[in-house]
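So for the sequence shown, the UniProt record's numbering puts the first residue at 1; every next one is plus one. As structure tokens, the structure follows; a few thoughts come after it.
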Amino acid sequence: MADAKSPSTTSGNTKRKRAAPSYYVVKAGHVPGIYYSWKDVQEQINGYEKPVYKKYTSLSEAEAFSKSDTVSLPKSKSSQRWFYGVQVGRVPGVYTDWPTAQMQINGWKGAKHRKFASEEDAWDFVNGIEAATPGGASVVASTVASTKGDVDSELSLSLSLTEARNGCKVGDNGAKKQKKNNGTAAITMTNGDFEPGTGPLPPDAEDGFDRTIFLNPETGLVERKSEAQLSSRKLQPTGDKRAPLEIYTDGSSRGNGKLGAYAGIGVYFGPQDPRNIADPLEGETQTNQRAELTAIQRAVDIAPIDRDVRIYSDSNYAIKCCTEWWPKWSSKADQCKTSAGKLVENQDIMKTNQWKTSAGKPVENQDIIKPIIQRIQERKDANGKTTFVKVKGHSDNEGNNEADILANLGADKNLAQQRAQGMQL
């Protein structure tokens, strides 16, 4: 029996049923072999030209594929062989079977992918080299990943998006509008080709309002919202008084502290929870500390304002910034107390001239810490409580491990965006 590269770990205290084990075979990569962890697989295929790998639920099948002479993945039952180009997804590249390609786009916001009859055309698409009307290409580019494992459902999804873009409700009689597209033109549901506020309304527009843009009061220009702004919620009490909402956060910075570093954030609410986040860290400073704090900021922003929240983090720095250190920083110049001897709420954290260290230097990352403290105070005003729990990183804590995976996916997305921008330049 072949040895898997990553031994699985189990915990006697596990309360939740775990999914069936998965076995990943890396046929062509940095170190070919069988792996238990998707994260380990990514290390073997990222940066490797034309990697070949496949997922199995049976170790015997994985071993059989690993020992086979062929390097290419099994062909489809159809006589026509297809190549699936994933331009934006978890691991951009070209795949020879739809299930593997689907793994890269399911749950990935803004995923872009397309099916080709030629491997060369597929790689051109992945590298951003697009023909005006690519021959043999199927209409499969979308911002919403298909949830069914076949090409027919994928095509149906794209046609539904066509109806939405042309002003029809999905499911209405849009056949006449569909006839205008012969299946060769790609449908990409993004406004990247238009100036903000000038392109077609997105499918989720309400009352003719595009929620992806806003008017910048400082510049007077219409701009696109960032990922953090899009996920921001209106702070309204929900009346939810259940047990505390448990959220795991993590940050990942590749090359932390070095030139060219790139980072990602991970926020984990639970298995298959739509609130889970795997995003690149925004801004020029790509440090692990900023990634850890940004993940916490996104968590407290998304959680209902009157619900008790318990945040788990493996960053001692981030937790202390949000609990012990900020009162000292915010009251350096003035204790900001009321006549009753209580700290003035909200105002103290907005005075930027007070945020100094004991050495008199500006506190780093205060642009992230202040909004976190403000959210914590707003939750307190709504009779909610925010607590932090320090956990050991890279241990057997399932929630922390999931947050770590999401943070690494965010870093991968960051790198993919940088490479795409580099190709455009």
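The beta-carbon is built from N, C-alpha and C at its ideal position, and this holds for glycine as well.
Measuring alpha carbon to alpha carbon, tell me which of the options ends up nearest residue i.
i    : options                   : result
A299 : L406, T100, T357 and T249 : T249
A318 : K390, F269, K258 and N397 : K390
Y35  : K50, E63 and E49          : E63
I305 : Y268, S253 and A382       : A382
K385 : A101, P244, P21 and R224  : P244
D367 : I311, G283 and T100       : G283
P371 : R419, I302 and K413       : I302
V31  : E43, A122 and S37         : E43
W325 : T357, R310, D308 and I311 : T357
E246 : S313, A278, D279 and P202 : S313
Y262 : T100, N408, V52 and I296  : N408
T27  : S68, K392 and R81         : Sequence check: residue 27 is Lys here, not Thr. For K27, the nearest C-alpha among the options comes from S68.
R90  : F83, G264 and F388        : G264
W82  : W108, M103 and E120       : E120
N365 : A295, Q104 and N400       : A295
F388 : Q297, Q354 and S395       : Q297
Just curious, the alpha helix (DSSP H) that residue i is in, first and last residue?
i    : result
F65  : L59 to K67
Y317 : N316 to K320
F125 : E119 to V126
V41  : W38 to I45
T100 : W98 to I105
K370 : Q366 to D381
I296 : N288 to I302
S330 : W326 to S330
What's the gap between the Cα of residue i and the Cα of residue j?
i    : j    : result
I45  : L215 : 42 Å
R165 : N106 : Confidence in R165 is poor, its pLDDT being 36 and thus under 50, which makes the residue's placement too unreliable to answer from.
A359 : W329 : 11 Å
L406 : Q417 : 16 Å
T285 : R211 : 28 Å
C322 : F269 : 20 Å
S37  : V25  : 11 Å
G93  : W123 : 7 Å
S315 : S118 : 47 Å
G128 : K39  : 26 Å
G136 : R275 : Reliability fails at G136, whose pLDDT of 42 lies under 50, so the model's placement of it is uncertain and the value that follows must be treated cautiously. Spanning the two alpha carbons is a distance of roughly 37 Å.
V222 : D273 : 32 Å
P362 : T287 : 17 Å
Y95  : G422 : 23 Å
D279 : P202 : 21 Å
K320 : E402 : 23 Å
H113 : H394 : 33 Å
A101 : A420 : 19 Å
Q178 : Y48  : In this predicted model, Q178 has a pLDDT of only 38, less than 50, meaning its place in the structure is not dependable enough to derive any value.
If the criterion is Cβ atoms closer than 9 Å, does the pair residue i and residue j meet it?
i    : j    : result
A111 : V126 : no
A411 : S226 : no
G255 : Q289 : no
F116 : G85  : yes
K50  : D97  : no
G257 : D404 : no
I369 : L293 : yes
N414 : L281 : yes
R242 : R307 : yes
V52  : G29  : yes
Specify, as a first and last residue, the run of the beta strand (DSSP E) that residue i falls within.
i    : result
S313 : V309 to S313
Q80  : Here Q80 belongs to no beta strand (DSSP E), and DSSP marks it neither H nor E.
T387 : T386 to K390
R114 : K112 to F116
L281 : It is not in any beta strand (DSSP E) - L281 carries neither H nor E in the DSSP assignment.
Y248 : L245 to R254
D35  : What sits at residue 35 in the sequence shown is Tyr, not Asp. Per DSSP, Y35 belongs to the beta strand (DSSP E) from G33 to Y35.
K55  : V52 to Y56
Y95  : G93 to Y95
Could you say if the region 365 to 377 and the region 56 to 66 meet the contact criterion of at least three C-beta pairs nearer than 8 Å? These segments do not touch.
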